[in-house]
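Q: Residue numbers (this note's numbering): 16 to 96. Ideal placement from N, C-alpha and C gives every residue a C-beta, glycine not left out. Note that the coordinates shown come from a computational prediction; the quantities given were computed from them, not determined experimentally.
(1) From the DSSP secondary-structure annotation, give me the bridge partner or partners of residue 69.
(2) Leaving out five residues before and five after residue 69 in sequence, what residues of the same chain have Cβ atoms less than 7 Å from its Cβ?
(3) Would residue 65 and residue 48 qualify as a contact pair, given that the criterion is a beta-carbon distance under 9 Å?
(4) Quick one: grab the DSSP three-state call for residue 18.
(5) Do residue 50 and residue 34 have their C-beta atoms closer together than 9 Å?
(6) Which term fits residue 38, buried or exposed, when burial requires 16 or more other beta carbons within 10 angstroms of its beta carbon?
(7) Report all residues from its chain with a CB closer than 6 Å to the CB of residue 46; omit the five preceding and five following residues, and keep chain order.
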């Protein structure tokens, strides 16, 4: 893959890191690796190692999971994948 600057200049020797995103119909989305989570209102969260993204809508700490889904059950969505 070729990466370029805004001016169109090619960038060489870009260090790569592995990022893993685990998705399950009945669990929060797990993100492993250094990432930036950007919300629709422009907030950015710089994550160093891992985080869990709310996928049930019950979290009071969105976009992150706070465990609010526990005991409420989360119905799998037919359209999730």
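A: According to the data block:
(1) Taking the first residue of the chain shown as position 1, residue 69 is located at position 54. Answer is none; residue 69 lacks a bridge partner.
(2) In the chain shown, counting from the first residue as 1, residue 69 sits at position 54. So the qualifying residues of the chain are 43, 77, 78, 79, 80.
(3) Position 50 of the chain shown, counted from the first residue, corresponds to residue 65. Position 33 of the chain shown, counted from the first residue, corresponds to residue 48. Contact annotation: residue 65 and residue 48 have beta-carbon atoms nearer than 9 Å.
(4) By 1-based counting over the chain shown, the position of residue 18 is 3. Residue state, collapsed to three classes: strand.
(5) Along the chain shown, one-based indexing puts residue 50 at 35. Along the chain shown, one-based indexing puts residue 34 at 19. Yes, the Cβ-Cβ distance between residue 50 and residue 34 is below 9 Å.
(6) The sequence position of residue 38 within the chain shown is 23, counting from 1. Result: exposed.
(7) Here residue 46 corresponds to residue number 31 of the chain shown, with the count starting at 1. Cβ within range, chain order: 36, 66.
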